[in-house]
Structure formats: C-alpha cells, structure tokens
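Residues in the sequence shown are numbered consecutively from 47, following my numbering. Glycine residues also receive a C-beta, built at the ideal position from the N, C-alpha and C atoms.
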Amino acid sequence: MRRFHFSDPEFETAFAAFVDERRDTPEEVDAIVRDVLAAVRGEGLEALLRFARDFDKVELDAETIRVTEAEISEGADACAADVRDAIAFAAARIRAYHERQRPADQRFTDEAGVELGWRWGPLEAVGIYVPGGRAAYPSTVLMNAVPAAVAGVSRIAMVTPPGRLQPAVLAAARAAGVTEIWRVGGAQAVAALAYGAGPIKPVDKIVGPGNAFVTAAKRRVYGVVGIDALAGPSEIVVVADGANEPDWIAADLLSQAEHDPAAQSILITDDEAFAARVEAAVEAQLTTLSTGKDAALSWRDHGAVVIAPLDESPRLVDLIAPEHVEFAVAAPEQLADRVRHAGAIFLGRHAPEAIGDYVAGSNHVLPTSRAARFSSGLSLYDFLKRTSFVKCDEAAFAVLAPATVALAEAEGLPAHARSAAIRLRPR
C-alpha cells in the first residue's frame, strides 16, 4: 500500500505515476486466446468439447452442453428462500431503474419540408458471460440480463464454465429472463457466442465480465459482434472525513480488494490520524475474510492512502477516473458535483458501493482502467439500436438537391451528384 501526502513537493508526479501503473492483460494471454478463437471458428462444437476436456476436465456432448429447463427449475427451486427473495427484490429494482431509461422515438418535419426522425428497437440476440470458479454471481446475471429483457431482446443466451451451477445463479437467470444456458466458459465461450458452435447460435452482442482470457477474447471478436466493454480489475476510491467509523471505510475498501489481487482500493482523506485508524482496521479485517489472501495482495500491491484537503478530492478522482467512488462526507454533493470521470458515485456515509453491486437498482457493470473518461456503465441503451429515416416529397427534395450536388462534386463522387441532379431534370 502506498501513502501520498498532498504537501509533498513531489506529490503530483508521484501520484500521476501511480495512477498510470498498468494492471492489464499479459501478452501471452492474448496469444493463447487467438488460437482458441481460431479453433472454435474453424471446428465449432468439436473444439468446445475438446476444450471442456482439456481445460475444465469434464466430458460434454451436443446435448449435455446445454442446461435443460428441468435443471434450471430444479436448481432455482433449491435456492434458499432468503436468497430467492433477495434476487426478486434486486431484480424488481434493477428492472424499474432501467425502465426509466427508455428513450422515445421521434418524427418531425423541418422548415424545408423534409420528414426526419429515428426509432429505437431491441437487439435480436445477446450473449451473457457469467464467471464460474470459486464463487456464484447471481448479481452478474441480473445486471446483464434484466436490462436486455427490459429492452425487448428476444434471445438472451447465458454461458458459464462447466461445473455445478449454483442455485442462486439459476434462480437469477429465471428471474431475469435468460432464455438459454450453456456449459462453456473462457475464451471458447466468447468464440461460440460470436461465431456459433454446433447448437450454440451466434449472437449480436456479448456482455458480462470475465477473467483476462475472456476480456482478451472480447477484444478480438469486437466487430464480428458488439461488446459491452473490456472489463479490467475492480476499483474503488473512498473520499472520507474523520467523522466516519474507520471499520466502515475499511470494509468499503476491502469490498473491491477481495475481487482480485489486481483490484485497486484508494482512500482520500484530510485526516492523517483517521487514515491510520482505517489502515489498522483494514489489517484487522483481512484476518477475518475468506477472501483475505486476494484482498491482502490487492491492498499491498495496488492500494493507496492519500492525505489531501477534501476540496482537492474531485480533481484527484478525475485523475483516477475510477469504476466506483464514495463520498463519505457531511455534504457529499458539494464534492461529487465537481467530478467528471467516474463510473458510479455513492453519496453519504450510508451509501457503500456494495449496495450498488446488488440492490440499489443502478447497473454495476461499469468502466474500469480509467475508461470512465470516455465511457459509461451498462444500461438499457446497450441493448437497443437507433435507426434514422428520411422522407422527402418533390418540393423538399428541390431544397436539398443543389447542396447535395455541390458537396458530392467537391468530394469527387460523380454518381452521388448524379443521383440528386438527375431528379432535378424535367421529365
């Protein structure tokens, strides 16, 4: 964990270097992914089944690679009642939030008499990657599938690594409107969704987080399909004054550190004594977490404590452009309103980032690795397309045609010019 003091003459240079440190995909990962994608594109299902044997140590075939409706129902019904209730509660809030994002179609006639407008429509098919491994992620299912369902996507295909499907994940899939589930993970799952493989038909867009191999695969298939973003390690910045409970702030910092040794947690405070208490609380809580090993590595290698005037915090947050930022201060809006670059902002001492991960209703799929400078979190718009239209009668065309001809000729495109000019000739 690094410490930075705003009063240090070298602060700006040292802090900028810290922010610029890379935590992205190693080159060898990309080389492996390239070969996996080529195999799936060329061999289809045969490659998927081979990778399941080689990577996941499971035997699958054209039938067992798909999770049946009976398996989904049985698994979802086995989910603990309190977790099912929490999933339903979260799904309803996520659905309501994203319903409010629905854009309106427009159609109007301008002063030239040209009828213009646009209409919105859903994507036809979306693939959702849901990580497997050590943990179950029903929240990933909800945050990716619910907005797709709200948008009206008719086919929502979920892929997840082979192994025991957690009841909570199946319950979330049922609640969110997932239409099919496949036992395939890693770069090969991304390839199957992009190119199709046996019974898995290609989709139009792939969303959802994954490890370095999944992220590298999404980067490579972009253009064949759309993607949501290139997800990097989790990030949080907590801006806190000395009136907070140190244990609360320590828990907030560790809520992201526990995701991954490459995750990043940063505390900005104007109270050095408070910072020391938070650091002590972090060390104490690390000994109690089942995820403590990863969290400790994250805090050691990528964590930071910044001692600076709180009035400087919006500028520092913008330099970091984090996935999440909390303003645990008495008047959070006064600082938060000055922030330009953040995936999500949490206001006040009782708005920890964790509620945004699960039940607040806003989406937890957010830009990482400073991408908040130019992109936004997942939303309803990721599952919609906008189509524009133009309608001219003869009079309206006569207004537009001369300028069309002039511009086409200036660009050296005579057929474009003729397409307009020919309609101006007497018939």
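- Counting C-beta pairs with one atom in each stretch, the stretch 308-318 and the stretch 348-355 have three or more that are closer than 8 Å, which means they touch.
- Of the other Cβ atoms in all chains shown, fewer than 16 fall within 10 Å of the Cβ of residue 103; this residue is therefore exposed.
- With distances taken between CA atoms, residue 200 lies nearest to 172 out of 172, 213, 219 and 296.
- For residue 106, no beta strand (DSSP E) encloses it, and the DSSP letter there is neither H nor E.
- Sixteen is the threshold: since fewer than 16 other Cβ atoms of the shown chains lie within 10 Å of the Cβ of residue 380, the residue is exposed.
- For residue 281, the uninterrupted beta strand (DSSP E) segment begins and ends at 281-286.
- Residues of the same chain with their beta carbon placed closer than 8 Å to that of residue 449 are lacking, with the five preceding and five following residues left out of the count.
- The beta-carbon distance between residue 169 and residue 250, rounded to whole angstroms, is 5 Å. This is short enough to meet the 8 Å contact definition.
- For residue 374, the enclosing beta strand (DSSP E) covers residues 370-374.
- Note that the C-beta distance between residue 388 and residue 418 is below 8 Å.
- Within the stretch 337-388, the runs of alpha helix (DSSP H) at least 4 residues long that lie entirely inside it are, in chain order, 338-348, 359-366 and 378-382.
- Per DSSP, the beta-bridge partners of residue 435 are 163.
- Secondary structure of residue 313 (DSSP, three-state): strand.
- The criterion of a C-beta distance shorter than 8 Å is satisfied by residue 372 and residue 285.
- Per DSSP, residue 234 lies in no beta strand (DSSP E) segment; the continuous alpha helix (DSSP H) that holds it begins and ends at 232-241.
- In the same chain as residue 87, and ignoring 5 residues on each side of it, the C-beta atoms closer than 7 Å to its own belong to 237 and 241, in chain order.
- DSSP assignment within the stretch 67-152 yields the following whole alpha helix (DSSP H) runs of 4 residues or more, N-terminal first: 73-89, 91-102, 115-123 and 127-145.
- Secondary structure note for residue 261: its alpha helix (DSSP H) is the uninterrupted segment 258-267.
- Cα atoms of residue 363 and residue 327: separation of roughly 23 Å, rounded to the nearest angstrom.
- By the C-beta density criterion, residue 281 is buried, having at least 16 other C-beta atoms within 10 angstroms.
- Around the Cβ of residue 302, a 10 Å sphere holds 16 or more other Cβ atoms; the residue is buried.
- In this chain, residue 414 is not harboured by any alpha helix (DSSP H), its DSSP state being neither H nor E.
- Counting every other CB atom within 10 Å of its CB across the protein chains shown gives residue 429 a total of 16 or more, marking it as buried.
- Of 257, 76 and 265, the smallest CA-CA separation from residue 207 is found for 257.
- Here residue 420 carries a coil assignment [DSSP, helix/strand/coil].
- Residue 415 and residue 452 have their C-alpha atoms roughly 45 Å apart.
- The DSSP-derived three-state label of residue 395 is coil.
- Closest by C-alpha distance to residue 298, out of 325, 275, 215 and 316, is 325.
- Burial is judged here by how many other beta carbons sit within 10 angstroms of a residue's own beta carbon; residue 472 has fewer than 16 and is exposed.
- Annotation for residue 206: the continuous beta strand (DSSP E) segment containing it runs 201-206.
- Contact between residue 139 and residue 407 holds: their C-beta atoms lie close to 4 Å from each other, under 8 Å.
- Considering only 335, 287, 344 and 323, the residue with the shortest C-alpha distance to residue 316 is 287.
- If you look at residue 57, you'll find it in the alpha helix (DSSP H) that goes 57-65.
- Residue environment analysis places residue 332 among the buried positions, since at least 16 neighbouring C-beta atoms fall within 10 angstroms of its C-beta.
- For residue 346 and residue 149, the gap between their C-alpha atoms comes out near 44 Å.
- The C-beta distance from residue 264 to residue 252 rounds to 6 Å, short enough to meet the 8 Å contact threshold.
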